[in-house]
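Heads up, the thing below is written out as structure tokens.
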Amino acid sequence: VQLQASGGGLVQAGGSLRLSCAASGSRFGFGDMGWYRQGPGKQRELVARITSGGSTNYADSVKGRFTISRDNAKNTMYLQMNSLKPEDTALYYCNAIMAGLGVSAWGQGTLVTVSS
Numbered sequence: 002v003q004l005q006a007s008g009g010g011l012v013q014a015g016g017s018l019r020l021s022c023a024a025s026g027s028r029f030g031f032g033d034m035g036w037y038r039q040g041p042g043k044q045r046e047l048v049a050r051i052t053s054g055g056s057t058n059y060a061d062s063v064k065g066r067f068t069i070s071r072d073n074a075k076n077t078m079y080l081q082m083n084s085l086k087p088e089d090t091a092l093y094y095c096n097a098i099m100a101g102l103g104v105s106a107w108g109q110g111t112l113v114t115v116s117s
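Residue numbers (the numbering used here): 2 to 117.
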């Protein structure tokens with residue numbers, strides 16, 4: 002199983018970025034998928050998750066600013082991040098549950114840096 006995250010970068014506060022996570026290698030596809038982040042000196046935390054049916058949940062800190070979505074045909078997940086704040090600076094990881102096995106897989110992370 003491979004999860005390839007991309008789309009990170011340096012952006013000014015108030016700007017936007019779109020992260021992508023391309024998942025492959027699961028015979029029966031993927032169930033729940035999600036984005037997590039780990040900021041400097043912080044523990045990894047949930048940003049947003051989405052079920053295979055499209056139900057979503059978000060961390061309170063990103064509600065109204067971030068939107069998670071997925072394309073099941075492409076096994077790809079997205080995170081549209083708007084109104085970015087310096088506190089959003091972190092390494093963003095994608096996570097996916099392998100359908101049929103229930104095994105959790107992680108991507109390598111993509112760095113988002115928001116300057117003030």
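Where is the CB? At the ideal position from N, CA and C, for every residue including glycine.
Query                                                                                          : Result
Those residues which DSSP pairs with R50 across a bridge                                       : G35, N58
Extent of the continuous beta strand (DSSP E) run through D89                                  : Neither: D89 is in no beta strand (DSSP E) and is coded neither H nor E.
Y79 to G42 span [Cα, whole Å]                                                                  : 26 Å
Cβ neighbour criterion (16 or more within 10 Å) applied to N96                                 : buried
The segment 83–97 touching the segment 2–12, judged by at least three CB pairs closer than 8 Å : yes
Which listed residue (G35, L11, G16) has its alpha carbon closest to that of M99               : G35
Straight-line Cα distance separating S116 from K86                                             : 8 Å
For F7, three-class secondary structure by DSSP                                                : The displayed chain sequence assigns Ser, not Phe, to residue 7. It is a strand residue.
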